[in-house]
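Student: Below is the structure I would like to discuss, written out as structure tokens.
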RNA sequence: GCGAAAGUGGCGGAACUGGCAUACGCGCUGGAUUUAGGAUCCAGUGCCGAAAGGCAUGGGGGUUCAAAUCCCCCCUUUCGCACCA
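In this note's numbering, the protein residues as written are 1 to 829.
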């Protein structure tokens, strides 16, 4: 070849095409797409904490490759981006450096946006949203008001998770291992009144609808199911002996009701106040309660075996047999689950067993492992927790398992001493925060009218600009009189604004709907537009949001459906969790460790496309990556020395990319190459479907390796092959591909061209190699015609000396032929 | 403790429903070329063995004509839940 390959000047090429895409509106999504031919590609809302790092970069190029391929499928693509801009880090930075959170956030957004633009990600920036701007949070407040109107936003007093470092309350989902998810400070319990969203009303749907999401990974679905924690059982009304007050308890094992030997109540449970405790008992219980509350969740969870508690001196009556049992307060009972009290059956529950042993409480066996085996309470090393026939249980004796549970429950409801009951681990979502940098809660507290929602015409409630937002345990807004003091919208009297702001997860629970109509000033979004674009076809993000954001946003979608704003019950049909990017030693990148690798320097030194390709090639998208710049060298050589020069080998014929070649129009070498091309189209397409870009690149490397311009005489085929190869790589290396596409004289953007479809007649060559095994061991392989039947393969096999060596003198027992792959000869003797 | 996922060359990783294990790349070895190169090109590269052949997908059993893939036990790693009655 004498043609001199055009030099690859990535700086020039990247700038040129980014400008071109911008001016031609390539990434601009249609206002009203055809719902049957749309693709909504979404990456998770980004917190602008500084510039983006390798982890973000990986996330966004995955989304970009998919979005660009979808363009090439001819779809209307929506691929938006925006900022989850409220939140603590902005406040921390502000406190630390004396910059206002708004300014700090604005600067970070600028920097990150320009990095993303530099990386050539195909976002439709005209739809960019920012949750800390009034034109966005107006509608977050609107969402709150809709929930409030349906009584799904409400205030409640109770023990809440309090982070002493951040000086704010947290939702259950934001406490990990008893620590604040953000700052890792152990949380403590505080008794406070806070705002909640009633997500528990949706617990059943949030669980059941997971089964309608085949495109979601099983681990996420399992985590959500466990988090919601639905369990079926019965509620049985015990009675406090002295006061006669009913004390219902939830149990999944009503079949052990006759084995109850004590009751245990959580220290925080309200009913403790109503036990009429006096003297020594009252003192002991108060002391214990203080001790329990002082322990944080980690300590409480750590005492797995050593359970403690105090006897209240009071008794409860088991409604099934009128037995009197001791009433204890114990902190192994959780206040927030069920009724905060449990019926303790030491013989059949490990925790109750440990507790009973410690305090010498009787153990009564009411379940036997089977008819023939009986248990001796004094000899039991631990509780027997499996099902078995009931004993010592009056007329229920002999029943076991599900039928026992059913009979006991039915009996309870007939006698009005209990009922069947479903319980959940999921708690309502605590959304109020005592922090400045968040979306104000649009509620006015009026002495006369109570909680009054700010009228929609008065939204947004603007976050006032204040100088001092140091957290001190109550909202900084509470100290801004001109903000707090307000007239009641209903009676016109003096009233006060709610000083709290919302959890930022509220902002990120509906942002995907704002994108469909981000400039709408009259509504949060147009319903028809939402109906046309929704659901999200692919949602890409980290696994960290499995039980937080991904639960909240499903909840919002369902709520919006219920009030007529959304058409689907689920927001996203497919979810993909990409792996994390760690440093080369396997440590999580973090600012405090100072090991954050930025893609910026790499993109500047080696080019955007090479950096993207290196990230794609290093591992499949779902796996974690230990990033090292050395990963680049292989793909860089491929991209610059092998792939890019293909454009210069173009011969200016005008191949019809919609056509397939026939065997007799090509030489043997060309036909082989044509088969390879079609195999590659198939492999790359399959790899894209699974988001396994590493194998897509490997396939392209093989194709380019096998291509030999000197041996391709047919110009049209030569050009056909080159164009298709460029197309296959385009979503991964968009600038390079676009440049090559132009060098070959194509008029329009490559992303307006159609993604290659493999020729079904040409994925198998004329001849195939069939492996021949004798007794399961590979002995030889034979080359036969592609359409050869078993007989022909056998004939060929038995001509092989290597095969004969192992079959001669032996009896052929059977022959198994797997078409086109393998022949296994089973020989005996 | 419970639950889930994973474990393949020196390394990153291939192998879609059981059907030629180690594709592709890095690294390494040898060679070519170059004033030189951390550039480029060619060849080799799982282990044992001179070869024939044998052995290899964390370890041990099993199912099958055939197992990285399915089943059982164990080990390791990662993630999730951590008293949910």
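In this text, a Cβ means the ideal position worked out from N, Cα and C, and glycines have one as well. Just so it is clear, the structure is predicted and the values come from calculations on it, not from any experiment.
(1) Is residue 687 near the ligand ADP, going by C-beta to nearest heavy atom under 6 angstroms?
(2) Please confirm whether residue 506 and residue 431 have their CB atoms less than 7 angstroms apart.
(3) For the alpha helix (DSSP H) holding residue 908, just list the boundary residues, first then last.
(4) Looking at C-alpha atoms only, which residue of 530, 395, 771 is the closest neighbour of residue 790?
(5) Which residue spans inside the region 203-284 form an unbroken alpha helix (DSSP H) run of at least 4?
(6) I need the boundaries of the alpha helix (DSSP H) containing residue 116, first residue and last residue.
(7) Going by C-alpha distance, which of 416, 313, 469, 25 is nearest residue 96?
(8) Which same chain residues, not among the five before or five after residue 762, have their C-beta less than 6 angstroms away from its C-beta?
(9) What residues in its chain sit with their C-beta under 8 angstroms from that of residue 472, if we drop five residues either side in the sequence?
(10) Provide the residue span of the alpha helix (DSSP H) that contains residue 732, from first to last.
(11) What did DSSP end up calling residue 707 once you bin it into helix, strand or coil?
(12) Looking at the secondary structure, which residues open and close the beta strand (DSSP E) in which residue 534 lies?
(13) Taking the beta carbon of residue 183 as the centre, do at least 16 other beta carbons fall within 10 Å, making it buried, or is it exposed?
(14) Taking all protein chains shown into account, decide if residue 830 is buried (16 or more other Cβ within 10 angstroms of its Cβ) or exposed.
(15) Quick one: using the 10 Å Cβ neighbour count with 16 as the cut-off for buried, is residue 232 buried or exposed?
(16) Assuming residue 129 contacts residue 514 (C-beta within less than 8 angstroms), just tell me the rounded distance between them.
(17) Smallest Cα separation from residue 250: which of 424, 329, 170, 434?
(18) Tell me, to the nearest whole angstrom, how far the beta carbon of residue 294 is from that of residue 331; I am working on the premise that it is less than 8 angstroms.
(19) Please confirm whether residue 325 and residue 262 have their CB atoms less than 7 angstroms apart.
(20) What number of angstroms, rounded off, separates the C-alpha of residue 717 from the C-alpha of residue 655?
(21) Return the first residue and the last residue of the alpha helix (DSSP H) that residue 906 is part of.
(22) Here's the rule I'm using: 16 or more other beta-carbon atoms within 10 Å means buried, otherwise exposed. How should residue 754 be labelled?
(23) Pull the bridge partners of residue 76 from the DSSP assignment, please.
(24) Compare the C-alpha of residue 794 against each of 58, 816, 632 and name the closest.
(25) Can at least three beta-carbon pairs, one atom from the region 472-485 and one from the region 526-533, be found at a separation below 8 angstroms?
(26) What residues match up with residue 154 in a beta bridge as DSSP calls it?
(27) Span of the beta strand (DSSP E) holding residue 444?
(28) Would DSSP call residue 401 helix, strand or coil?
(29) Using beta-carbon positions only, say whether residue 119 and residue 104 come within less than 7 angstroms of one another.
(30) Rank 58, 664, 133, 113 by C-alpha distance to the C-alpha of residue 518 and give the top, closest one.
(31) Determine, using beta-carbon pairs with one atom in the region 68-75 and one in the region 45-57, whether at least three such pairs fall under 8 angstroms.
(32) Give the straight-line distance between the Cα atoms of residue 715 and residue 125, rounded to the nearest whole angstrom.
(33) State the start and end residues of the unbroken beta strand (DSSP E) segment that holds residue 329.
(34) What does the Cβ neighbour count give for residue 659, buried or exposed, with the cut at 16 atoms within 10 Å?
(35) Where does residue 321 sit, in a helix, a strand or coil, going by DSSP?
(36) Locate the beta strand (DSSP E) running through residue 812, then write down its first and last residues.
Tutor: Result, derived from the coordinates:
(1) For the ligand ADP, the structure offers nothing, since it holds no ligand at all.
(2) Walking along the first chain from the start, residue 506 turns up at place 506. Walking along the first chain from the start, residue 431 turns up at place 431. Going by C-beta atoms, residue 506 is nearer than 7 angstroms to residue 431.
(3) Residue 908 lies beyond the stretch modelled for the chain, which goes from 1 to 829, so this question has no answer here.
(4) Position 790 of the first chain holds residue 790. Of 530, 395, 771, the residue nearest in Cα terms is 771.
(5) Counting whole runs of 4 or more residues, the region 203-284 contains the alpha helix (DSSP H) stretches 203-208, 218-228.
(6) The sequence position of residue 116 within the first chain is 116, counting from 1. Where residue 116 is concerned, the enclosing alpha helix (DSSP H) stretches over 101-118.
(7) Counting from 1 along the first chain, the entry for residue 96 is found at position 96. The shortest Cα separation from residue 96 among 416, 313, 469, 25 belongs to 469.
(8) Here residue 762 refers to the residue found at position 762 of the first chain. Contacts found: 674, 675, 678.
(9) Position 472 of the first chain, counted from the start, is the residue given in the question as residue 472. Only 167 meet the Cβ criterion.
(10) Locating residue 732 in the first chain gives position 732, counting from the first residue. From DSSP, residue 732 is part of no alpha helix (DSSP H); its letter is neither H nor E.
(11) Position 707 of the first chain holds residue 707. Per DSSP, reduced to three states, the secondary structure at residue 707 is coil, with no helix or strand assignment.
(12) Stepping through the first chain from its first residue, residue 534 is reached at position 534. For residue 534, no beta strand (DSSP E) run applies, since DSSP gives it neither H nor E.
(13) For the purposes of this step, residue 183 is taken as the residue at position 183 of the first chain. It is exposed - the Cβ of residue 183 has fewer than 16 other Cβ atoms within 10 Å.
(14) Lying outside 1 to 829, the shown extent of the chain, residue 830 is not represented and no answer is given.
(15) What you label residue 232 is simply residue 232 of the first chain in a count that begins at 1. Counting C-beta atoms within 10 angstroms of its own C-beta, residue 232 has fewer than 16 neighbours from the protein chains shown and is therefore classed as exposed.
(16) Numbered from its first residue, the first chain carries residue 129 at position 129. Numbered from its first residue, the first chain carries residue 514 at position 514. A Cβ-Cβ distance of about 5 angstroms is found for the pair residue 129 and residue 514, placing them in contact under the 8 angstroms criterion.
(17) Indexing the first chain from 1 puts residue 250 at position 250. Across the set 424, 329, 170, 434, the C-alpha of 424 shows the shortest separation from the C-alpha of residue 250.
(18) Looking up residue 294 in the first chain gives position 294. Looking up residue 331 in the first chain gives position 331. Between residue 331 and residue 294 the Cβ distance is about 11 angstroms, and since that is not below 8 angstroms, they are no contact.
(19) Indexing the first chain from 1 puts residue 325 at position 325. Indexing the first chain from 1 puts residue 262 at position 262. In this structure, residue 325 places its C-beta atom within 7 angstroms of the C-beta atom of residue 262.
(20) In the first chain, residue 717 corresponds to position 717, counting from 1. In the first chain, residue 655 corresponds to position 655, counting from 1. Using only the alpha carbons, I get a separation of about 7 angstroms.
(21) The question about residue 906 has no answer here: the residues shown for the chain are numbered 1 through 829.
(22) As a first step, residue 754 must be located in the first chain, where it is residue number 754. Classification of residue 754: exposed, given that the 10 Å Cβ count is below 16.
(23) Locating residue 76 in the first chain gives position 76, counting from the first residue. Residue 76 pairs with 38.
(24) Reading the first chain from its first residue, position 794 is the one you call residue 794. Selected option, being the one with the closest Cα: 816.
(25) No: fewer than three Cβ pairs fall under 8 angstroms.
(26) Within the first chain, residue 154 is the residue found at index 154, counting from 1. Paired residue(s): 196.
(27) Here the question's residue 444 lines up with position 444 in the first chain. Per DSSP, residue 444 belongs to the beta strand (DSSP E) from 443-446.
(28) Locating residue 401 in the first chain gives position 401, counting from the first residue. Residue 401 sits in a helix when the DSSP states are folded into three classes.
(29) Start at 1 with the first residue of the first chain, and residue 119 comes out as number 119. Start at 1 with the first residue of the first chain, and residue 104 comes out as number 104. With contacts defined by Cβ atoms closer than 7 angstroms, residue 119 and residue 104 do not form a contacting pair.
(30) Within the first chain, numbered from 1, the residue matching residue 518 stands at position 518. Of the candidates 58, 664, 133, 113, the residue whose Cα lies closest to the Cα of residue 518 is 133.
(31) The region 68-75 is not in contact with the region 45-57.
(32) Translated into the one-based positions of the first chain, residue 715 becomes position 715. Translated into the one-based positions of the first chain, residue 125 becomes position 125. Spanning the alpha carbons of residue 715 and residue 125 requires a straight line of approximately 41 angstroms.
(33) Within the first chain, numbered from 1, the residue matching residue 329 stands at position 329. Bounds of the beta strand (DSSP E) holding residue 329 are 324-330.
(34) In the first chain, counting from the first residue as 1, residue 659 sits at position 659. The residue is exposed, with fewer than 16 neighbouring Cβ atoms inside 10 Å.
(35) Your numbering for residue 321 matches position 321 in the first chain. Per DSSP, reduced to three states, the secondary structure at residue 321 is coil, with no helix or strand assignment.
(36) As a first step, residue 812 must be located in the first chain, where it is residue number 812. In this chain, the beta strand (DSSP E) harbouring residue 812 covers 811-818.
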